[in-house]
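Heads up: the protein sequence lines correspond to chains G and P, in order.
For the first sequence, the numbering used here assigns the number 14 to the initial residue and increments by one for each residue that follows.
For the second sequence, the numbering used here assigns the number 7 to the initial residue and increments by one for each residue that follows.
We put the beta carbon where it would ideally sit given N, CA and C, even for glycine.
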Amino acid sequence: MKMKNPLLIAVTVILFFASCSEWEQPVPIPDSGNIKSERVILIEEFTGASCTNCPAGSAELKAILDKYPDNVVVVGLHSKFLSAPVDPADPNLYTDDAENIEIFLGRGAKPEAAFNRNLFTHNRNIRISRPDTWNNFVEKELLATHQADLRIAMDYDSLSRKMNMTLTAIARQDIDEAVHAHAVVTESDISITQLSLTGKIPNYIQEHVLRKALTPVGGIKIADSMKKGESISKSFEFTLPAQDNNLWVAENCAAVGFISLGESKKYVLQAAEAKLIK
Amino acid sequence: MINQLSKAIIFSCLSLILTRAASQESLLVFGGFQANANVFLRDSQIGAANIPQYDYQLFGAETWFDLNASYAGFNAGVRFDLFNNSNLLYPQGSYTAQGIGRWFINKEINRLDMTVGYLYDQIGSGIIYRAWEERSQLIDNALLGASVKYTINDNWSAKAFTGKQRNLFSVYNSVIKGAMINGFYAPSDSSKWSIAPGAGFINRTFSDEQVQDQANISSGYLLVDQFNPSYNTNAFTFYNTLNYGPISWYAEAAFKPSSLIYNPLAIRSLPKGETSLGKYERTNGSVFYTSIGYAAHNLGITLEGKRTDGFDFRADHRIDPLAANRGLIAYIPPMARINTYRLTSYYFPATQFLNEMAYQIDFKYSLGSHWNFSLNISDIRDLNFDEQFYKEINGEIVYKQEDAYQMSVGLQRQEVNVSLYFGKPATEPKVKTWTPYAEFLYYFNEKTSLRIETQYMHNKHDIGSWVYGLAELGISPHWLFELSGMYNTYHPKDGKKLFYPTAGMVFNYGNNRIGLRYVKQIQGIVCSGGICRLEPAFSGLRASITSNF
C-alpha cells in the first residue's frame with residue numbers, strides 16, 4: 014500500500030475523533046441536601062491561624078452545617094503545622110491533643126478534613142483536601158449504614174466549672190467488633206488574626222476548636238461487641254480551667270462525644286454534641 | 007490482582023526466552039540496580055521533625071532492580087520496586103510497598119512493532135501525552151496496556167496504544183487511548199531543508215465510578231457553579247520540526263476542547279453570599295509551544311515561547327494537592343534555565359498548567375578554544391502577559407585550559423512570585439535575588455582533581471541571604487570526596503542563622519557507584535522538567551548504590 018499523504022489522513026481522523034465528546038449522553042446531577050438520615054457525622058477539620066487557605070475550608074464547613082445542622086458535628090484541630098498565632102498577642106490554639114490526632118490520622122496539608130475517620134475508596138488518606146468536595150463525603154457517610162445511635166447528656170456546674178458528660182451508645186444492628194467511646198471539649202467564638210490568601214484577617218472567628226481531649230486518640234473501649242438494641246453508657250468528667258485570654262469561656266464550650274470501631278479501624282459510627290450551657 | 011497477573015506473564019515469558027536461549031548465543035541480558043537508604047536524624051531547629059521517619063521510623067529506603075533481555079527479535083523486561091518507610095512519595099509521610107513495578111514484552115514482525123505491559127512513550131514534545139519515569143519524585147506514569155507501531159515507509163510511521171495509567175502498584179480507573187503519526191520529508195539527500203511533521207490524538211474515558219463522583223461533587227455546588235460531568239475527554243496536537251541549514255524550528259499546537267479541570271483560584275459561591283476558592287470547571291484547553299535554534303561556528307542561539315491555557319490533563323480528577331505530580335497525562339515543557347548550583351537552583355518555576363505565557367532566550371558563544379560565554383533570559387507571566395510570575399537573567403563565562411584547569415564565573419538575577427510557586431500568602435513580597443557564583447576545577451595530575459564551588463544569594467525576603475561553599479576532591483578512577491556548607495547570612499524574619507553542613511564520599515568500581523553522605527538541607531523545591539514539589543528540610547545520612555550490567 015502506498016500512502017502519498019499519511020499526515021492529511023491522520024489529521025482528518027484526529028479531527029473526527031476530537032468531536033466525539035459531543036456524542037455523549039449527558040450525565041444527570043443528583044440533588045444535594047435532601048438526604049434524610051439520623052446519622053451524625055464527625056468532621057475533624059485540620060486548620061490553623063497561619064494557614065492561608067483555611068478560611069476557605071471553614072467557610073465550606075459552615076455551608077455543610079447549614080445544609081445538615083442535625084447531622085454534622087465539627088471539631089477544629091489546630092495541630093502544630095501552620096497553627097502559630099499570626100499576632101503574638103493572640104491566644105495559641107495549638108494543643109497536644111490536636112497534634113496527637115494528626116499523628117493518629119496521618120500527616121497532611123491544611124485545610125483538610127476527616128469524615129468519620131473513614132478511608133474512602135479511591136482515597137489514599139483519611140484526610141481529604143479540596144474543600145469543594147467535602148459535601149460529597151458528608152453525603153456518602155449520611156447514606157452509609159447507620160449502625161448505632163449515640164445520646165449525650167450534659168451536666169455543668171458554673172460555680173465549680175465542672176462538667177459531666179454521659180454518652181449512651183445504642184446498637185441499631187449487631188456490631189461484631191470492639192466499640193470505643195471518645196470525648197472532647199470544643200470552644201467557639203474565639204477571635205484571632207487569621208492568615209488568608211489576601212492577607213491577614215483581624216477578628217476572625219474560630220469555631221469548634223478542640224480544647225481538650227478527655228480520651229486517648231483511639232478512644233476507650235466500652236464493648237467487645239454489641240447486639241442489636243443493646244445500650245452502653247460511659248461518663249466523663251472534666252473541670253474547665255479558669256477563663257484566660259478569652260479562652261475557656263464556658264458559654265462558648267461544647268462537649269463532643271463519638272463512638273468508633275477502635276484504634277485499628279478508626280471508623281466513627283456516630284457523633285453527638287451538647288453545649289455546656291444551653 | 008494486577009501483580010499476580012504480572013508475575014505470571016513475566017515468568018512465563020522470561021522462562022520461555024531463557025529456556026530457548028540456553029543453547030543459543032544471541033541472548034542479550036542487561037539491566038540496572040538502584041538503591042537509596044536514608045537514616046533520619048531529627049533536627050527540629052531546621053524543621054527536620056514531625057514526620058514518622060524522624061519521630062520513630064528512623065530509616066527509609068527505596069530500591070529498583072531492572073532486568074531486560076533481548077532474544078530472537080523479542081525484547082522483554084521486568085522491574086522490581088521496593089519502598090520501605092520511604093518519604094519519596096509524600097515528603098511529609100511514609101510509604102511502604104513492594105512488587106513488580108514494570109514489565110513489558112516487545113516483538114517486531116515485519117513492519118509491525120508490538121508491545122504489551124507498562125509502556126513509556128510520548129506524542130510530540132509530550133504536551134498531550136507523556137508516559138515517563140522520574141525517580142527523584144517517584145513519578146511513574148507508565149501506561150499498562152498495548153501499543154502497536156506500523157512503519158509505513160522509510161519516512162512515515164504510525165502508532166496506536168491503549169491502557170490505564172500506573173498508580174504506584176495499581177492503575178487509575180480511566181482508560182487512555184492514543185494514536186500518532188510521525189513523518190519526515192526532504193526534497194533530496196543534499197537538500198538544505200527538511201521537515202518532520204506529526205500529529206497525535208489522546209482520548210481519556212473516565213470510569214462509571216469517576217463520573218459518578220464528579221456528579222456528586224457538582225451536586226454539592228450551588229447551581230451557578232455546577233458543571234456537567236462527562237466520560238470522554240479528547241486532546242489533539244500538531245507539530246513540526248523544520249530544519250534549514252543551521253536553523254531548527256519546532257512548533258506545536260495542542261488543544262483539549264471542553265474538558266473538566268480543577269481551578270484552585272476560581273471563586274465558588276456558598277450559601278448566604280459567602281465564597282470559597284477552588285472549584286471544578288469545564289473549559290477549553292490549549293498549548294502553543296515553539297522553539298527555534300541557530301547553531302553555527304561558535305554561536306548558538308535558542309528562542310522558546312509557550313502559551314498555556316487550561317491544560318491540566320490527568321488520569322483522575324481527584325489529585326491531592328500534596329501530590330500534584332501524580333496522574334499526569336500531559337507534560338508541558340518548562341520555560342526556565344535548568345540550574346545546577348545549590349543556590350541558583352533554589353527557586354525554580356514549576357510549570358503552570360492553567361495560565362502561563364512565557365519565553366526564554368539562550369545565547370552561547372565560544373571565543374577560541376578557551377573562552378565560552380552564555381546568557382539566558384526567561385520571563386514567565388500570566389496569559390495576558392501582565393502579571394509576572396518569574397524572571398531570570400543568568401550570565402556565565404567559562405575559561406578552560408585543557409588538562410590543567412577550568413574556571414567559571416556567573417551572575418544570576420531572579421524575580422519569583424513565591425505566592426504562586428511556594429503557596430505563600432498573596433501579601434508576601436516578590437522575591438528578588440542576586441546570586442554571583444564561581445567554580446574552579448583544577449587537575450593536579452591525570453588522577454587527582456579538585457573542584458571548588460562558591461555562591462552567594464542576596465535576598466531580602468522569604469528565606470533571606472545565603473552563602474554556599476563546596477570542595478570536591480576526585481581521585482580517579484575510584485574516589486570522590488565532598489565537603490560543603492550553606493549558611494544563612496541574613497534572615498528577614500529574625501529566624502535562626504544556621505549552618506547546614508554536608509560531607510560525603512563516592513566510590514566507583516566498574517559499573518558500580520556507591521555513595522554515602524551526611525546531609526543537612528533546608529526546605530526547598532525539587533524539580534524535574536518543570537514538574538516540581540516542595541521538599542521538607544532533611545537531616546541525616548544518605549546512602550546510594552547504582553549499578554549497571
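Residue burial classification, residue i (beta-carbon count within 10 angstroms, cutoff 16)
i	result
P:K526	buried
G:V281	buried
P:S29	Because the pLDDT of P:S29 is 47, which lies under 50, any placement of that residue in the model is unreliable, and the number read from its coordinates should be weighed accordingly. Answer is exposed; the Cβ neighbour count stays below 16.
P:M7	Low per-residue confidence applies at P:M7: pLDDT is 47, beneath 50, and the placement is therefore not dependable, though the value from the model is reported in the following sentence. Burial call: exposed.
P:V230	exposed
P:F110	buried
G:P19	buried
G:H135	exposed
P:N518	exposed
P:W472	buried
G:D100	exposed
G:G270	buried
G:P229	exposed
P:K262	buried
G:K123	buried
G:W36	exposed
P:Y124	buried
G:Q219	buried
P:T102	exposed
P:R343	buried
P:R117	exposed
P:G530	buried
G:D187	exposed
Limits of the unbroken alpha helix (DSSP H) element including residue i
i	result
P:L426	424 to 428
G:T68	This sequence places Pro at residue 68 of chain G; Thr is not what is there. Residues 67 to 80.
P:L228	It is not in any alpha helix (DSSP H) - P:L228 carries neither H nor E in the DSSP assignment.
G:L156	147 to 156
G:N113	109 to 118
N- and C-terminal bounds of the beta strand (DSSP E) containing residue i
i	result
P:E362	361 to 373
G:K225	222 to 226
P:F294	281 to 302
P:N238	238 to 250
P:K113	101 to 115
G:E58	54 to 59
Supposed contact pair residue j and residue i - C-beta distance, whole angstroms, cut 8 Å
i	j	result
G:L11	G:M176	This structure gives no information on residue 11 of chain G, because the portion of chain G shown stretches from 14 to 291.
G:R140	G:F59	6 Å
P:A137	P:A148	5 Å
P:Y365	P:D385	6 Å
P:F36	P:F71	About 12 Å; that fails the 8 Å criterion.
Any non-hydrogen atom of the ligand SAH closer than 7 Å to residue i Cβ
i	result
P:D146	The model on display carries no ligand, and the ligand SAH is accordingly not part of it.
Worksheet item: What residues from the region 38 to 51 of chain G come within 8 Å of chain P, judged by C-beta to C-beta, listed N to C?
Response: P39, V40, P41, I42, P43, D44, S45
Discussion item. When you compare the region 411 to 418 of chain P with the region 429 to 449 of chain P, are there three or more beta-carbon pairs, one atom per stretch, that lie closer than 8 Å?
Written reply: yes
Item to complete: Check whether the region 263 to 281 of chain P touches the region 50 to 65 of chain G, taking contact to mean three or more Cβ pairs, one atom from each stretch, closer than 8 Å.
Response: no
Worksheet item: Got a sec: which bits of the region 87 to 100 of chain G sit with their beta carbon under 8 Å from any beta carbon on chain P, in order along the chain?
Response: Residues of the region 87 to 100 of chain G that bring their beta carbon within less than 8 Å of a beta carbon in chain P comprise K93, F94, in sequence order.
Worksheet entry | Residues, ordered as in the chain, of the region 415 to 441 of chain P that lie near chain G by beta-carbon distance below 9 Å | S425, G429, K430, P431, A432, T433
Discussion item. Does the structure place the region 193 to 202 of chain P close enough to the region 213 to 232 of chain P that three or more beta carbon pairs sit under 8 Å?
Written reply: no
Worksheet item: Using a beta-carbon distance cut-off of less than 7 Å, what residues from the region 139 to 150 of chain G approach chain P?
Response: S142, R143, P144, D145, T146, N148, N149
Worksheet item: Just by C-beta distance, which residues in the region 183 to 200 of chain P are closer than 7 Å to chain G?
Response: I187, G189
Practice prompt. Decide if the region 256 to 265 of chain G is in contact with the region 182 to 196 of chain G; the criterion is three or more beta carbon pairs, one per stretch, under 8 Å apart.
Written response: no
Fill in: Members of the region 201 to 220 of chain G that neighbour chain P once the beta carbon cut-off is set at 8 Å
L208, S209, L210, T211, G212, K213
Worksheet entry | Cβ contact (3+ pairs, closer than 8 Å) linking the region 231 to 247 of chain P and the region 203 to 210 of chain P | As far as the Cβ criterion goes, the region 231 to 247 of chain P touches the region 203 to 210 of chain P, which means the pair count is three or higher.
Item to complete: Note down, in chain order, all residues in the region 17 to 32 of chain G with a beta-carbon under 7 Å from any beta-carbon belonging to chain P.
Response: P19, L20, A23, V24, I27, F30, A31
Discussion item. What are the residues in the region 278 to 295 of chain P lying within 8 Å of chain G by C-beta distance?
Written reply: K278, E280, T281, S282, L283, G284, K285, Y286
Worksheet item: If contact means a Cβ-Cβ distance below 7 Å, which residues of the region 264 to 275 of chain P contact chain G?
Response: S264, R274
Practice prompt. Would you list, in chain order, the members of the region 306 to 325 of chain P that have their beta-carbon closer than 7 Å to a beta-carbon of chain G?
Written response: R324
Worksheet item: Which residues, in chain order, does the region 230 to 242 of chain P contribute to contact with chain G at a C-beta distance below 9 Å?
Response: For the region 230 to 242 of chain P, which is checked against every Cβ of chain G, the residues closer than 9 Å are D231, Q232, F233, N234, P235, S236, Y237, N238, T239, N240, A241, F242.
Item to complete: Check whether the region 175 to 194 of chain P touches the region 138 to 145 of chain P, counting contact only when three or more Cβ pairs, one atom from each stretch, lie closer than 8 Å.
Response: no
Item to complete: Taking only beta carbons into account, state which residues of the region 92 to 120 of chain P come closer than 7 Å to chain G, listed in chain order.
Response: Only Q98, G99 from the region 92 to 120 of chain P bring a Cβ to less than 7 Å from some Cβ of chain G.
Worksheet item: Got a sec: which bits of the region 223 to 237 of chain G sit with their beta carbon under 7 Å from any beta carbon on chain P, in order along the chain?
Response: none
Discussion item. Under 8 Å: do the region 229 to 247 of chain G and the region 443 to 457 of chain P share three or more Cβ pairs, one atom per stretch?
Written reply: no
Practice prompt. Count the C-beta pairs between the region 367 to 377 of chain P and the region 386 to 395 of chain P that are closer than 8 Å, then say yes if the count reaches three, no if not.
Written response: no
Item to complete: Could you list the residues in the region 144 to 163 of chain P with a C-beta less than 7 Å from some C-beta on chain G, going in chain order?
Response: I158, W162
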